[in-house]
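Numbering-wise, the numbering used here comes out as the position in the sequence shown, counting from 1, plus 6.
Heads up, the beta-carbon is just placed ideally off N, CA and C, and yes, glycines get one too.
Step one of this worksheet: look at the structure below.
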Amino acid sequence: MGGLAGCAPRDSSHSGTHGSRNIFSFLNRSPSPGTPSDDFTPDVEIALRATLDEVQILAGPPTTVWRFQAEVLQGRPDAVVEIPDSYLGPTLHFRRGEAIRIHFTHDLDEPSIVHWHGLHVPEAADGHPRFAISEGETFTYEFKVLNRPGTYWYHPHPHGRTGPQAYYGLAGLLIVSDEEEAALDLPEGPYDVPLVIQDRMFDEENQLIYLEGGRGRGGPMIGFLGDRILINGRPNFTLDAATHPYRLRLLNGSNARIYKLAWHDDRPFQVIGTDGGLLAHPVQRPYLTLSPGERVELWADFSADPVGSEIILENHDIDTGETFPIAQVRIAREETTTLSLPTELSSLNGHQEQDAVNWQNPRTFDMEMRHMTWLLNGRTFEMEEVAPNEIVRLGDLEVWEFVNESRHMLMPHPMHVHAVQFQVIQREVLPEFAAQYDVVKDGYVDEGWKDTVLLMPGERVKILMKFEKYTGLFLYHCHNLEHEDRGMMRNFLIEP
Ligand SMILES: [Cu+2]
């Protein structure tokens, strides 16, 4: 048949509540998830630890944080690069094709597990919450780096506690490179700069305030909103730059805040990459809309800016319109060498919608809230459950449609799908939401590979993706971490 959407579960004898299928029997197919296997030879082996620490962020007392620490046990020593004076975990630098083994040891007193956001890895290495480990335990990940070169990241994924764990500092960048990308002559070394954007809130003792105890802005339904923007874990971030092109890798690592970024002098953004790596060609945007979990890569050329000048990256609050600076670039020195922006960046090798098995009948996912719980197709997260419309077949190309048109408590939702990079093939908005939509729509970058896509209120978005290489139980969810923690997450099963 053409589409799987709406078809009956293949094995109805396992039907559980709400027509869902109890998939417990699938869960232990991997012989022993989290333990090293003899037939896997790593190129790079890393010890990763989640632990309690103190970091000097503001003037005065240091801030207690949770953070990832890592060291290379075997392989390239430059696979782990520390970000100085930051609570962020070290940046992991992987090369396409490498075999990676990571021993994650948990030193905090609540369960956790690590997800490699955007990476295409086997089920047992994806950081599903059912694999969460407790204090003192170790979970070993083994995977091959299959992804295109690009900017990915890692963060915790336990059920119900991802928001606070990421907020207190557990996150880091993961950068994939390969020889094809290196041949492009993009800015590198000091000219390749990640900007991890996160909002935070501090008390008088410089300690982080989250939503617990009724503190903090936002709330469990809106999500956490801080009153201070940190870049790479630092306040008042300034990049001392040369008159040279830069590759800026932006990650929205915030729990719930959506940014609308623009340069203060209205120079356009030259966008060269998205979640899943480089675009086919650079594209221009007057501003950028970046929701939690999304990445965008820029070619920022400061060659024509005089030494001593300052270029400010601003956020325009999408609700209030209020503008505030989040980072500045200070031109500190003249650089005579230069680079030119390539007109061709990469081959996307994308798919055609008509080739999808369900292109005339997309799988739809309604986003809504009932009884103070966020739902997907009326269902909340269950650790070991998939519904009939959440089972796909390995090798199939499918269209999924997320629909944010609930009549109650409409909010923006950044939707993230594990195990794939997808193409955004269609956006539509209800006429009554057009004004709100117009505030952000010119900042979307849908030209490339994505793993997270923002849906504004009244919006529906179609994505196209192929389920390749790995079978098993994976997640799709809202990347507003407070929504995710309150159930706006579901499993989907990739069957052989
Ligand atoms: Cu959401």
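The Cβ-Cβ distance between V446 and M462 falls below 8 Å. In this structure, DSSP gives R136 a helical state, which the three-state scheme calls helix.
For T97, the enclosing beta strand (DSSP E) starts and ends at 97-101. Using a 10 angstroms sphere on the CB of T342, the tally of other CB atoms stays under 16, which defines it as exposed. In this structure, E300 lies away from N238, with their beta-carbon atoms at least 8 Å apart.
Rounded to the nearest whole angstrom, the C-alpha separation of R399 and K475 is 11 Å. Residue pairing by DSSP places I332 opposite no residue, since no beta bridge is assigned to it. Assignment of E341 by DSSP, reduced to helix, strand and coil, places it in the coil class.
DSSP places Y173 within a helical segment (H, G or I) once states are collapsed to three. Looking at the DSSP output, I106 sits in a beta bridge with V50, F149. For Q276, the pairing in a beta bridge is given by DSSP as Q290, W305.
The Cβ-Cβ distance between A333 and L351 does not fall below 8 Å.
For E390, there is no enclosing alpha helix (DSSP H), as DSSP marks it with neither H nor E. Beta bridge pairing from DSSP links V61 with T69. About 7 Å separates the beta carbon of L284 from that of P155, a gap short enough to meet the 8 Å contact definition. By the 16-neighbour rule on beta-carbons within 10 angstroms, F46 is exposed.
The bridge partners DSSP lists for N497 are L481. In the structure shown, T41 adopts coil according to DSSP, grouped into three states. The beta carbon of L190 sits closer than 6 Å to those of P348, all from its chain and outside the five residues before and after it, given in chain order. D205: not part of any alpha helix (DSSP H); member of the beta strand (DSSP E) spanning 198-206, first to last residue. At a cut-off of 3 residues, the continuous stretches assigned as beta strand (DSSP E) that sit fully inside the region 213-267 are 223-225, 229-231, 234-237, 244-248, 251-258.
Burial of S118 is indicated by the presence of at least 16 other C-beta atoms within 10 angstroms of its C-beta.
The straight-line gap separating the alpha-carbon atoms of R385 and E391 is approximately 10 Å.
Residue pairing from DSSP places M373 in a beta bridge opposite L382.
At least one heavy atom of ligand 1 falls within 7 Å of the beta-carbon of W380. If you check the CB distance, P298 and A262 come in under 8 Å. Annotation for H489: the continuous alpha helix (DSSP H) segment containing it runs 487-491.
Taken through DSSP and simplified to helix, strand or coil, P90 comes out as coil.
Per the Cβ contact rule, the region 409-417 is not in contact with the region 136-147 (fewer than 3 Cβ pairs under 8 Å). In the DSSP assignment, E465 forms a beta bridge with V435. For M227, the Cβ stays outside the 7 Å cut-off from all heavy atoms of ligand 1.
Excluding sequence positions up to five before and after A362, its CB lies within less than 7 Å of the CB of L403, E404, V405, L470, all in the same chain and listed in chain order. Annotation for E51: L79, Q80, G81, R107 place their beta carbon closer than 7 Å to its own, counting only its chain and skipping 5 residues before and after. L214 and T57 do not touch by the CB rule: their CB atoms are close to 16 Å apart, not below 8 Å.
Residue pairing for Y160: DSSP places it in a beta bridge opposite W122, G178. Looking at L64, T97, Q62, D84, the one whose alpha-carbon comes closest to that of Q75 is T97.
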